[in-house]
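Listed in order, the protein sequences are those of chains A and B. Numbering (the working numbering) for the first sequence: 41 to 660. Numbering (the working numbering) for the second sequence: 82 to 537. Notes follow the structure.
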Amino acid sequence: MFPKYNVIVVGAGHAGCEAAAAAANLGSSVLLITMNMQNMAQMSCNPAMGGVAKGQIIREIDAMGGYSGIVTDLTTIQFRMLNRSKGPAMWSPRAQNDRMQFSWTWRLRLEQTPRIDFYQDMVKGLLVRDGRCFGVVTQLGHRIEADAVVLTNGTFLNGVIHIGEKHFGGGRVAERAATGITEQLVELGFESGRLKTGTPPRVDGRTLDYSRMEEQKGDEEITGFSFLDTPKPAQQKSCWITYTNREVHEILKTGFDRSPMFQGRIQGVGPRYCPSIEDKINRFADKERHQIFVEPEGWHTIEVYVNGFSTSLPEEVQYKALQKIPGFEHCKMFRPGYAIEYDFFPPTQLYLSLETRLIENLFFAGQINGTTGYEEAACQGLMAGINAHRKVRGEEPLILRRDEAYIGVLIDDLVHKGTIEPYRMFTSRAEFRTLLRQDNADLRLTPLAHRIGLASQERMERVENKLHQIKQFTAILEEFPISPEQVNTHLEAMGAPLLKEKQRAAKLLLRPEISVRQLMAWIPELQQKAKTYTQEAIEQTEIQLKYAAYIEKEKELSRKMRQLEDVPIPEQFNYEKLQALSTEARQKLMKYKPRTLGQASRISGVNPSDIQVLMVYMGR
Amino acid sequence: MYYQHAEDTIAAPATPQGMGAIAVIRVSGPQALSIVNRLFPAKDLTQVPSHTLHVGKLIWKSQWLDEVVVSVFKAPRSYTGEDVIEISSHGSPLIVQRILQALTEAGARMALPGEFTLRAYLHGKMDLTQAEAVADLIAAESEAAVQNALRHIRGGFSAELQQLRNQLLQFAALIELELDFSEEDVEFADRHALKQLLDHIDEHVQKLLQSYAWGNVVKHGFQVVIAGKPNVGKSTLLNALLNENRAIVSDIPGTTRDTVEEFIQLNGLLFRLIDTAGLRVSEDVIEQIGVARTHEKILQADMILYLFDVTQIEASEWEQAFAWLQGLKKPYLILINKIDLQSELPEFVHNTPQTMMISAQKQVHLNELKEKLVEIAQQGRTHGEGSIITNARHYAALQKVKQGIQDVYAGLEKNISNDLLANDIRKCLHDLGEITGEVTTEDMLDYIFSHFCIGK
Numbered sequence: 041m042f043p044k045y046n047v048i049v050v051g052a053g054h055a056g057c058e059a060a061a062a063a064a065n066l067g068s069s070v071l072l073i074t075m076n077m078q079n080m081a082q083m084s085c086n087p088a089m090g091g092v093a094k095g096q097i098i099r100e101i102d103a104m105g106g107y108s109g110i111v112t113d114l115t116t117i118q119f120r121m122l123n124r125s126k127g128p129a130m131w132s133p134r135a136q137n138d139r140m141q142f143s144w145t146w147r148l149r150l151e152q153t154p155r156i157d158f159y160q161d162m163v164k165g166l167l168v169r170d171g172r173c174f175g176v177v178t179q180l181g182h183r184i185e186a187d188a189v190v191l192t193n194g195t196f197l198n199g200v201i202h203i204g205e206k207h208f209g210g211g212r213v214a215e216r217a218a219t220g221i222t223e224q225l226v227e228l229g230f231e232s233g234r235l236k237t238g239t240p241p242r243v244d245g246r247t248l249d250y251s252r253m254e255e256q257k258g259d260e261e262i263t264g265f266s267f268l269d270t271p272k273p274a275q276q277k278s279c280w281i282t283y284t285n286r287e288v289h290e291i292l293k294t295g296f297d298r299s300p301m302f303q304g305r306i307q308g309v310g311p312r313y314c315p316s317i318e319d320k321i322n323r324f325a326d327k328e329r330h331q332i333f334v335e336p337e338g339w340h341t342i343e344v345y346v347n348g349f350s351t352s353l354p355e356e357v358q359y360k361a362l363q364k365i366p367g368f369e370h371c372k373m374f375r376p377g378y379a380i381e382y383d384f385f386p387p388t389q390l391y392l393s394l395e396t397r398l399i400e401n402l403f404f405a406g407q408i409n410g411t412t413g414y415e416e417a418a419c420q421g422l423m424a425g426i427n428a429h430r431k432v433r434g435e436e437p438l439i440l441r442r443d444e445a446y447i448g449v450l451i452d453d454l455v456h457k458g459t460i461e462p463y464r465m466f467t468s469r470a471e472f473r474t475l476l477r478q479d480n481a482d483l484r485l486t487p488l489a490h491r492i493g494l495a496s497q498e499r500m501e502r503v504e505n506k507l508h509q510i511k512q513f514t515a516i517l518e519e520f521p522i523s524p525e526q527v528n529t530h531l532e533a534m535g536a537p538l539l540k541e542k543q544r545a546a547k548l549l550l551r552p553e554i555s556v557r558q559l560m561a562w563i564p565e566l567q568q569k570a571k572t573y574t575q576e577a578i579e580q581t582e583i584q585l586k587y588a589a590y591i592e593k594e595k596e597l598s599r600k601m602r603q604l605e606d607v608p609i610p611e612q613f614n615y616e617k618l619q620a621l622s623t624e625a626r627q628k629l630m631k632y633k634p635r636t637l638g639q640a641s642r643i644s645g646v647n648p649s650d651i652q653v654l655m656v657y658m659g660r
Numbered sequence: 082m083y084y085q086h087a088e089d090t091i092a093a094p095a096t097p098q099g100m101g102a103i104a105v106i107r108v109s110g111p112q113a114l115s116i117v118n119r120l121f122p123a124k125d126l127t128q129v130p131s132h133t134l135h136v137g138k139l140i141w142k143s144q145w146l147d148e149v150v151v152s153v154f155k156a157p158r159s160y161t162g163e164d165v166i167e168i169s170s171h172g173s174p175l176i177v178q179r180i181l182q183a184l185t186e187a188g189a190r191m192a193l194p195g196e197f198t199l200r201a202y203l204h205g206k207m208d209l210t211q212a213e214a215v216a217d218l219i220a221a222e223s224e225a226a227v228q229n230a231l232r233h234i235r236g237g238f239s240a241e242l243q244q245l246r247n248q249l250l251q252f253a254a255l256i257e258l259e260l261d262f263s264e265e266d267v268e269f270a271d272r273h274a275l276k277q278l279l280d281h282i283d284e285h286v287q288k289l290l291q292s293y294a295w296g297n298v299v300k301h302g303f304q305v306v307i308a309g310k311p312n313v314g315k316s317t318l319l320n321a322l323l324n325e326n327r328a329i330v331s332d333i334p335g336t337t338r339d340t341v342e343e344f345i346q347l348n349g350l351l352f353r354l355i356d357t358a359g360l361r362v363s364e365d366v367i368e369q370i371g372v373a374r375t376h377e378k379i380l381q382a383d384m385i386l387y388l389f390d391v392t393q394i395e396a397s398e399w400e401q402a403f404a405w406l407q408g409l410k411k412p413y414l415i416l417i418n419k420i421d422l423q424s425e426l427p428e429f430v431h432n433t434p435q436t437m438m439i440s441a442q443k444q445v446h447l448n449e450l451k452e453k454l455v456e457i458a459q460q461g462r463t464h465g466e467g468s469i470i471t472n473a474r475h476y477a478a479l480q481k482v483k484q485g486i487q488d489v490y491a492g493l494e495k496n497i498s499n500d501l502l503a504n505d506i507r508k509c510l511h512d513l514g515e516i517t518g519e520v521t522t523e524d525m526l527d528y529i530f531s532h533f534c535i536g537k
């Protein structure tokens, strides 16, 4: 019934969809198997994409030719560029999306991508021979062969849902869990663990009193996620902010004796940065109120997402507590919040290509690797798809470095440090965040992706054009003289120091309070000269000029880091004889066999003192 | 160099070269026991328990080398963590040399400088700051230096830096909080609070940096330059100060024939007395000071003792000397010598806290002078009983931290965005990490999650 495929992708969430798209666009024949084709690219939690650090990841996916940015733009109901007041490295695009539209827009995209077949079934096992994976076995009994398999099982592996004292198997509420794969992998020698995450209740928007909440509007100007010209919405929907209070907390506490978290029924480790409301009340008892974001689920639906109120307390406790929140007095609940526990495989069992160390041609991406978040999952899917394809073709894997992409930081962290809680990206995880900006993701990654055949010719031409424009506009700003008469009245009005003599525009731009946009508004000739340049190119030029010193500093640091990267560790290195290494470090080093000191330095449990020992031993 | 000889067994004298009652030769490595065993027919050393002493003759190629005591330390309970034997022989350099030659013929290799400590480090017997402290301890020349080195070996120094690291970590976390969690409903530290925290950190770094000067005093001695005309009694004073300390004083010839340096220990502190016979204040004082070497001595000096002969004191010299000393911006004492010959002072000699009447010959007020020296030396000791930086690497790292803090200050002043500030702070943490161990993002996130309610 099935041909032999190049790549089988198991699961059609954010990771699976990107994996299928990448492998197919590179030329592999792909089968995407999902338990439910109605729920492809489902936003299981909040209906939003991007945010701080996550927005940068979506931009990177888009720059490489993935679909997440395009689909996000097409289904945006509200857009905000977060951290606008901070430096450009912190600007982070974030969108609220229409949940249902997001899902079927993704599906349409995949349907329009050549070389992808779809099949609805549950994969219950892998075909493995001589340490090599060559296909899957489904619940309906099909053996489907492939050169490589990408597992993106999300929260479905032995998923257990908890609401108060009730608990039942499921991968998302109202969807079955997947069984069989964990057991087989453990038998093959994989180590597995258990993680937990949660989601808040959804309520009836018609029953909310928005006059009691603060409105949060979208940006006037939508820049979006994709570097291509995807249409942006003409209007936007608002989100709303309200707060819990003492009364809400008191009601929630009445459910603590039935909380699966506090009663120890949940064993999995949850994310510290996404705690349940009961956790927040418990840990920060002196905090009188907690912020609640009321987010619409789409253009047309009346369903509303109660962000900040993630909980697994009994439904009636959730319901009663909700009603004490200003604006929620008459609220009706559509679905209760719940917690879910699921299996994951500590990602230290992977190579940087996301192929497993134990079984060849088997790749893992997404929550199965212990991450959380659509963006984190999607970018792993993209990389697993790329590398599964390249493996099949006998090509070297594509590995992004830490100074090249957040994607590189994420995978490097996973593989070398592992994680004990669901891993989320933060900008602070990146050593080179001034380099890894959302505005230059295309300049960083499109040429690379184009070279391997993923980013289209159109994308590449856009990048070349942008580079060309930046060069020209930089030259203009470096030459353009500005006289005191042209700007001093404006500077005086701003309370800024006046210009004493003529200065080149590029020099004046080094002042934090001066922007290109201002200069163009003040000086018509400059405006005239800038006319032929795109907004993107102008912005990029400004950032490169304004932050040149900081960018240079980080480039220098990244060069230094790469030096450590360049110290090779002999393959058969005998760690046993180095008693100075901590026991943990010695075990980890023997297990992961890092190939460079740089890699060794990022293995969790290997401390700087251990690296020092190795450096001394290597004679550095 | 790629350190690839860890399998070798190494040997070297553990006591300094020269004649002494005994000398100790240390042998370390996997073959230490069997190699020495070949020279030691009295007993089978491979069979004896660890931490035992054995007397016997050392014989190599039928030649009797010496009668020795060998101490056996088996791995890992030894200085290097390897099998170690210490041979205590008679202290003749010839004997030591012959034993070493026999050991190398029997299979050992001469150790490279610092190789024993390197092995101790590689075998986890000490961390890097401790290893550095061992080097300091070996070179220690005074009681205070020994105390300080011992404190480092015990890790007291690390604890002090740990505190500094935590302060910086807190600062960095507050900055990161505002970046990664800008959308969260938590209170962000305002610039004023950040500055206050930074002041605190800066003060701490400053204190440690200042302790370096003191650390240098502890390690190398407080440098006292003795100046004045010939025949005012400089040598007599030097000898008088040295007399009762003869036993621990060593002569180090000066770099010029005119300069003599001597060491004395007062209250456990090392003083380096430098007699610059050529230096005196006279009409051609500028020319004199222009002599580069003497000038250098004065620049390096921690304080100046300027001697007058009370019987020959002249108004012009007094005025010039006084002005010169004040211009140096260093502690100084004016000593009016030979008061046993004449107790009356000329009118122009005004008594200041920096003036003392002494007689080097008759030992008048010499104890007061010593007390004064100790008191002045101790003024550099800003750190109480706390840790002292004596290591140049630590000092350099802390200076980089200090520079980084200046950058953060400047950034705060210029109101630059927090992500750029964070770069400077990360650099500080990185520089401090060179001596305290790295500060990871996880450390920062841990701080944030334990202090702030994060999470929508």
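Where a beta carbon is used, it is the ideal one built from N, C-alpha and C, also for glycine.
Using the DSSP secondary-structure output, state which residues sit across from His-171(B) in a beta bridge.
Ile-103(B)
Is the CB of Glu-364(B) under 7 Å away from at least one CB in chain A?
Any reading at Glu-364(B) needs caution, since the residue's pLDDT is 47, under 50, leaving its predicted position unreliable; the model's value is listed next. No, Glu-364(B) lies away from the interface with chain A (no Cβ there is under 7 Å from its Cβ).
Would you please state the rounded distance, in angstroms, between the beta carbons of Phe-269(B) and Leu-278(B)? I believe it to be under 8 Å.
No, Phe-269(B) and Leu-278(B) are not in contact; Cβ-Cβ is about 13 Å, not under 8 Å.
Residue-level contact to chain B via CB, Ala-620(A), 7 Å cutoff:
yes
Distance CB(Val-190(A))-CB(Ala-424(A)) smaller than 7 Å
yes
Quick check: what's the CA-CA separation for Phe-197(B) versus Gly-638(A)?
28 Å
Taking the CB atoms as reference points, tell me whether Leu-221(A) and Leu-197(A) lie closer together than 7 Å.
First, the residue type needs correcting, since residue 221(A) is Ile and not Leu in the sequence shown. Yes, these two residues count as a Cβ contact at 7 Å.
CB contact check: Gln-331(A) to chain B, cutoff 7 Å
yes
For chain A, is any of its Cβ atoms less than 7 Å away from the one on Gly-465(B)?
Because the pLDDT of Gly-465(B) is 47, which lies under 50, any placement of that residue in the model is unreliable, and the question is left without a value.
Going straight from the alpha carbon of Ile-651(A) to that of Ala-308(B), what length do you get?
52 Å
Going by Cα to Cα distance, which pick from Gly-209(A), Pro-300(A), Asp-161(A), Lys-126(A) is closest to Phe-78(B)?
Residue 78(B) lies beyond the residue range present for chain B, which begins at 82 and ends at 537; the question has no answer from this structure.
Below 8 Å on C-beta distance, what does Pro-157(B) contact in chain A?
Gln-619
Could you work out which residue in Ala-625(A), Pro-608(A), Val-607(A) is closest to Tyr-615(A) when comparing CA atoms only?
Ala-625(A)
Using three-state DSSP, classify Thr-74(A) as helix, strand or coil.
strand
Cα-Cα separation between His-202(A) and Tyr-590(A), rounded to whole angstroms
48 Å
Cα-Cα separation, Asn-326(B) to Ala-477(B)
Residue confidence for Asn-326(B) is low, a pLDDT of 40 falling below 50, so the modelled location carries little weight; the figure read from the coordinates is stated next. Those two C-alpha atoms are separated by around 35 Å.
Check each residue of the stretch 120-145 of chain A: if its Cβ is closer than 7 Å to any Cβ of chain B, include it; give the result in chain order.
Leu-122, Asn-123, Lys-126, Gly-127, Ala-129, Met-130
Secondary structure, beta strand (DSSP E): runs of 3+ residues fully inside the stretch 351-405 of chain A
373-375, 378-384, 402-404
Whole-angstrom distance between His-289(A) and Ile-321(A), CA atom to CA atom:
7 Å
Taking a contact to mean a Cβ-Cβ separation below 7 Å, would you say Glu-337(A) touches Arg-642(A) in this structure?
no
Below 8 Å, can you find three or more Cβ-Cβ pairs linking the stretch 386-406 of chain A to the stretch 304-311 of chain A?
no
Contact set between Tyr-202(B) and chain A, taken where Cβ atoms lie within less than 8 Å:
Ala-620, Val-653, Val-656
Any C-beta of chain B sitting closer than 7 Å to the C-beta of Lys-293(A)?
no
Partners in chain C for Lys-495(B), counting only beta-carbon separations shorter than 9 Å:
Among the chains of the structure shown, chain C does not appear; the protein chains present are A and B.
Distance cutoff 7 Å, beta carbons only. Does Gly-371(B) sit that close to anything in chain A?
Note that Gly-371(B) scores a pLDDT of 42, beneath 50, so its modelled location is shaky and nothing firm can be said.
Step through the CB atoms of chain A and report whether any lies within less than 7 Å of the CB of Asn-499(B).
yes
So, at 7 Å on beta carbons, what are the nonlocal neighbours of Asn-528(A) in its own chain, with the 5 sequence-adjacent residues on each side left out?
Leu-538, Leu-539
Flag Asp-89(B) as yes if its beta-carbon sits less than 7 Å from any beta-carbon of chain A, otherwise no.
no
Check whether the stretch 502-514 of chain A and the stretch 578-598 of chain A touch, using three or more Cβ-Cβ pairs below 8 Å as the test.
yes
Below 9 Å between beta carbons is the criterion; list the residues of the stretch 83-108 of chain A that meet it against any residue of chain B, in chain order.
Asn-86, Gly-91, Val-92, Ala-93
Could you tell me which uninterrupted alpha helix (DSSP H) segments, each at least 4 residues in length, are contained entirely in the stretch 180-242 of chain A, listed from first to last along the chain?
221-227
Is there a Cβ from chain B that is less than 7 Å from the Cβ of Lys-277(A)?
no
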